[in-house]
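Asker: Here the sequence shown is numbered in the working numbering, starting from 0 and rising by one per residue. Using N, Cα and C, we set each Cβ at its ideal position, and we do this for glycine too. This structure is in structure tokens; I'll ask about it shortly.
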Amino acid sequence: MSNTKSKLLALLAAVIAIGAGWMTMNVQAAESSVVAVVNADPISRDALADAALQRYGVDVLDNMVNRHLIMQECKRRGINVTAEEVRAEVLRVAKKFGLSLDSYLQLLREERDITPDQYSREIIWPMLALRALVSDRVEVSQDEFNRAFLSQFGEAVKCRMIMLGDQANASRLQAQAQADPDSFARLAKEFSEDETSASVGGLIPPIRRYMGDSRIEEAVFALSDGEVSPVLQIGDQWMFLQAVRRLPASHPSPQALPAIKEQISDRIRDEKMKTAAAELFDQLQTQAQVVKVLGDEALTNQYPGVAAIINGQQISLASVAAECVKRHGEGVLEGEINRKLLNQALKTAGKTVEPTDIENEITRAAISYGYVRSDGSPDTQAWMESILAQGKATQDVYVQDAVWPSVALKKLVEDSVQLTQEDLQQGFASAFGPRAEVLAIVLSDQRTAQKVWEMARDNPTDAFFGQLAEQYSIEPTSSSNFGKVPPIRQYGGQPAIEKEAFAMKPGELSGIIATGDKYIMLRCQGFTEPIVSDFEAVRSELERDLIEKKTNLAMSVKFDQLKQSAEIDNFFAASKEMPRVAAETSTTQR
């Protein structure tokens, strides 16, 4: 009763703390309090911020530094990108993909895990700000427009192409094609290493001027119909072309011409803006004086509470932590809740995770993934280096998020995991015993299965069964291999199939085996000889393998039990402010 009362009091305290923020529509009030309660044990927002900062601080800081560089330059030049401009750009991009604004934002969430607010602040706003900063540099000249117009509507040459990776072969084939132009299509099919064009006799899309490589364009426009070009080196490939025929220039209607001109000009302007913006951003990064304090112990002691200094302007650790929570809070909080559950369970069981336990688990993981020295000893250093090389975690985070939970769960189940003689016998039979060699047909409905089974019974041969498998089986392996599937072992996790397979004799047909939503029939071809007959020779290896499997299963069951029996209140997910599109990012004036 006292435990229930304490849980209710903790829950009430958390609700009151957050309720005040809800009642006043003040999210900041909620953000300064409890984000979750796990079995009456609260997790504070500060603890969540620290955990999120530890895991994502460096990556988030890099993004914030980049945005600050752009914001500082906007402020220096009196440029402001408003929320309305950001929203309009998001809407424009959505329409470009033929989607409504809501559908596009939902797609970003589902496919790229980007919230509308994050998309606005970190992608759209910097892009618009950089464009505004370089807008005075970007103009479309008449010559640029003319080139782009010709590349879209100008005269074209329809061509065939042969591409090879060897210059000598290219020269030899070019001489043959030049001597007999009518053989070009055949030579392309037989020898060109560009499979797409080779399959159609070397034909490629028509080539216009100013589309790409000027050497190719000059070569093909110099050819008469049927004539073959010299060999051209393009990167590490050699190619030559044959002109098929000239295609005259297109002439858009006068009514469509204004819209076409606008589209071409916009496209050129966008491309030039992207290039100019990238150059400006590189310039800002090169010229900036950036001191990254986060992650540097000496600088952290020198600048307490500071994450970075950009051209003399400080970014606080608190602001980076808040950004980490905004982006990754839900995922990090889930990890903190799980860690809280495991700590509570360890305390109840009177168990602790010691440093030696952590070391042993890292050693086990290194061996499991093949990080072993030539003398057979585990190479834990190489294993850790491989983990850290992925760039997703520091060693401390890896230990906290992967190693410690695994060790904690093993501690909680270690007393309940025991091997019986039956376990050993079944494990030996599964790992080293005979396998049933069968042909199989897998079907999705019982009526078809009954029909196919009757045909297999009436014509009891492997060949006919294989033909039925090719025609009817919905499982790719059995269908493509005339029913042949990998041998079936005992105690492999498919009891209904295994029971039927090991009850048959060679040449026998099984009954229809219903498993899940599938219907399976087997034809026995025989049994393999056991791999190992001496149980004692493999006993230690078998015991180690079975203990690990039973432990992993027990760990999974235990964790599910902890989650299901826990009283968890996640206020962060419930009270999180709905993301806003085009939140105001810069307050400087243009």
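With a CB to CB cut of under 8 Å and the five nearest residues on each side skipped, what residues in its chain are close to residue 263?
Answerer: Taking the first residue of the sequence shown as position 1, residue 263 is located at position 264. Around residue 263: 144, 147, 148, 151.
Asker: To the nearest angstrom, how far is it from the Cα of residue 572 to the Cα of residue 36?
Answerer: Numbered from 1 along the sequence shown, position 573 holds the residue referred to as residue 572. Numbered from 1 along the sequence shown, position 37 holds the residue referred to as residue 36. Taking the straight line joining both Cα atoms gives about 12 Å.
Asker: Are the beta-carbon atoms of residue 124 and residue 85 separated by less than 8 Å?
Answerer: Within the sequence shown, residue 124 is the residue found at index 125, counting from 1. Within the sequence shown, residue 85 is the residue found at index 86, counting from 1. Against a cut-off of 8 Å, the Cβ pair of residue 85 and residue 124 comes out as a contact.
Asker: With C-beta atoms as the reference, is residue 523 less than 8 Å away from residue 437?
Answerer: Taking the first residue of the sequence shown as position 1, residue 523 is located at position 524. Taking the first residue of the sequence shown as position 1, residue 437 is located at position 438. Taking 8 Å as the Cβ cut-off, residue 523 and residue 437 qualify as a contacting pair.
Asker: In the stretch 291-330, which residue ranges form an unbroken beta strand (DSSP E) of at least 3 residues, counting only runs that do not cross its ends?
Answerer: Listed in chain order, the complete beta strand (DSSP E) runs (minimum 3 residues) inside the stretch 291-330 are 305-309, 312-315.
Asker: Please name the residue or residues paired with residue 436 in a DSSP beta bridge.
Answerer: Mapped onto the sequence shown, residue 436 falls at position 437. Paired residues: 525.
Asker: Looking only at DSSP bridge pairs, what is residue 483 linked to?
Answerer: One-based indexing of the sequence shown puts residue 483 at position 484. In DSSP, residue 483 forms a bridge with 438.
Asker: Taking the DSSP output, what are the residues bridged to residue 236?
Answerer: Start at 1 with the first residue of the sequence shown, and residue 236 comes out as number 237. Note: residue 236 sits in a beta bridge opposite 233.
Asker: In whole angstroms, what separates the C-alpha of residue 552 from that of residue 418?
Answerer: Numbered from its first residue, the sequence shown carries residue 552 at position 553. Numbered from its first residue, the sequence shown carries residue 418 at position 419. For residue 552 and residue 418, the distance between alpha carbons rounds to 13 Å.
Asker: Which of helix, strand or coil does DSSP assign to residue 287?
Answerer: Numbered from 1 along the sequence shown, position 288 holds the residue referred to as residue 287. Three-state DSSP puts residue 287 in coil, outside helix and strand.
Asker: How about residue 72 and residue 127: are their beta carbons less than 8 Å apart?
Answerer: Along the sequence shown, one-based indexing puts residue 72 at 73. Along the sequence shown, one-based indexing puts residue 127 at 128. The answer is no: Cβ separation not under 8 Å.
Asker: Which complete alpha helix (DSSP H) runs does the stretch 70-141 hold, if anything under 4 residues is left out?
Answerer: You should have 82-95, 100-111, 115-118, 124-133.
Asker: Would you say residue 68 and residue 309 are within 8 Å of each other, going by their C-beta atoms?
Answerer: Looking up residue 68 in the sequence shown gives position 69. Looking up residue 309 in the sequence shown gives position 310. Yes; because the gap between Cβ atoms is below 8 Å, this pair is in contact.
Asker: Which partner residues does residue 246 have in the DSSP bridge list?
Answerer: Reading the sequence shown from its first residue, position 247 is the one you call residue 246. 155.
Asker: Of the choices 62, 345, 238, whose alpha-carbon is the least far from that of residue 291?
Answerer: Start at 1 with the first residue of the sequence shown, and residue 291 comes out as number 292. With distances taken between Cα atoms, residue 291 lies closest to 62.
Asker: In terms of alpha-carbon separation, which member of 231, 568, 314 lies closest to residue 167?
Answerer: Taking the first residue of the sequence shown as 1, we reach residue 167 at position 168. Nearest option by C-alpha distance: 231.
Asker: Kindly indicate which three-state DSSP category residue 16 falls into: helix, strand or coil?
Answerer: Along the sequence shown, read from residue 1 onward, the residue named residue 16 stands at position 17. Only weak support exists for where residue 16 lies, its pLDDT of 37 falling under 50; the value from the coordinates is given anyway. Helix.
Asker: Tell me whether residue 570 is buried or exposed, calling it buried when 16 or more other Cβ atoms sit within 10 Å of its Cβ.
Answerer: Translated into positions along the sequence shown, residue 570 becomes position 571. Residue 570 is buried by the Cβ-count criterion.
Asker: Give the DSSP-derived three-state secondary structure of residue 146 in the structure shown.
Answerer: Position 147 of the sequence shown, counted from the first residue, corresponds to residue 146. It is helical.
Asker: Helix, strand or coil, according to DSSP, for residue 342 in the structure here?
Answerer: Looking up residue 342 in the sequence shown gives position 343. Three-state result, residue 342: helix.
Asker: Which value, in whole angstroms, describes the spacing of the CA atoms of residue 24 and residue 343?
Answerer: Along the sequence shown, one-based indexing puts residue 24 at 25. Along the sequence shown, one-based indexing puts residue 343 at 344. Note that residue 24 scores a pLDDT of 36, beneath 50, so its modelled location is shaky; the value from the coordinates is reported in the next line. Each residue's alpha carbon lies about 34 Å from the other.
Asker: Going by the beta-carbon positions, is the gap between residue 319 and residue 293 smaller than 8 Å?
Answerer: In the sequence shown, the residue the question calls residue 319 occupies position 320. In the sequence shown, the residue the question calls residue 293 occupies position 294. Taking 8 Å as the Cβ cut-off, residue 319 and residue 293 qualify as a contacting pair.
Asker: Check whether the stretch 405-421 and the stretch 350-362 touch, using three or more Cβ-Cβ pairs below 8 Å as the test.
Answerer: As far as the Cβ criterion goes, the stretch 405-421 touches the stretch 350-362, which means the pair count is three or higher.
Asker: Quick one: measure Cβ to Cβ for residue 154 and residue 248, integer angstroms, because I've assumed they're closer than 8 Å.
Answerer: For the purposes of this step, residue 154 is taken as residue 155 along the sequence shown, with counting starting at 1. For the purposes of this step, residue 248 is taken as residue 249 along the sequence shown, with counting starting at 1. Right, their Cβ atoms sit about 5 Å apart.
Asker: When you compare each of 255, 402, 347, 446 to residue 561 by their alpha carbons, which one comes out closest?
Answerer: Residue numbering aside, residue 561 sits at position 562 when the sequence shown is read from its first letter. Ranking the options by Cα distance to residue 561, first place goes to 347.
Asker: Decide if the stretch 534-550 is in contact with the stretch 418-437; the criterion is three or more beta carbon pairs, one per stretch, under 8 Å apart.
Answerer: Yes: at least three Cβ pairs fall under 8 Å.
Asker: By Cβ distance, which residues of its chain are closer than 7 Å to residue 214, with the 5 residues on each side in sequence left out?
Answerer: The residue given as residue 214 occupies position 215 in the sequence shown. Excluding sequence neighbours, residue 214 sits near 231.
Asker: Apart from the five residues just before and just after residue 525, which ones in its own chain have a Cβ nearer than 6 Å to its Cβ?
Answerer: Against the sequence shown, residue 525 aligns to sequence position 526. Closer than 6 Å at Cβ, skipping near neighbours: 436, 505.
Asker: What first and last residue would you give for the alpha helix (DSSP H) that runs through residue 514?
Answerer: Stepping through the sequence shown from its first residue, residue 514 is reached at position 515. No alpha helix (DSSP H) holds residue 514; the beta strand (DSSP E) holding it covers 512-514.
Asker: DSSP has residue 490 in a bridge; who is on the other side?
Answerer: Position 491 of the sequence shown, counted from the first residue, corresponds to residue 490. Beta-bridge pairing links residue 490 to no other residue.
Asker: Where does residue 199 fall in DSSP's three states?
Answerer: Looking up residue 199 in the sequence shown gives position 200. It is coil, neither helix nor strand.
Asker: Below 8 Å, can you find three or more Cβ-Cβ pairs linking the stretch 301-315 to the stretch 372-389?
Answerer: Cβ pair count under 8 Å is below three, so no.
Asker: By the DSSP assignment, the beta strand (DSSP E) with residue 35 in it spans what residues?
Answerer: The residue given as residue 35 occupies position 36 in the sequence shown. Its beta strand (DSSP E) spans residues 33-37.
Asker: Between the C-alpha atoms of residue 548 and residue 512, what's the straight-line distance to the nearest angstrom?
Answerer: In the sequence shown, the residue the question calls residue 548 occupies position 549. In the sequence shown, the residue the question calls residue 512 occupies position 513. If you take the alpha carbons of residue 548 and residue 512, they lie about 28 Å apart.
Asker: If contacts are defined as beta-carbon pairs under 8 Å, then residue 239 and residue 229 qualify, I think. What distance do you get, rounded to the angstrom?
Answerer: Taking the first residue of the sequence shown as position 1, residue 239 is located at position 240. Taking the first residue of the sequence shown as position 1, residue 229 is located at position 230. Their Cβ separation, rounded to whole angstroms, is 7 Å, which keeps residue 239 and residue 229 in contact under 8 Å.
Asker: Any idea what DSSP makes of residue 21, helix, strand or coil?
Answerer: The residue given as residue 21 occupies position 22 in the sequence shown. Reliability of the predicted coordinates at residue 21 is poor, the pLDDT of 34 falling under 50, and no value is obtained from them.
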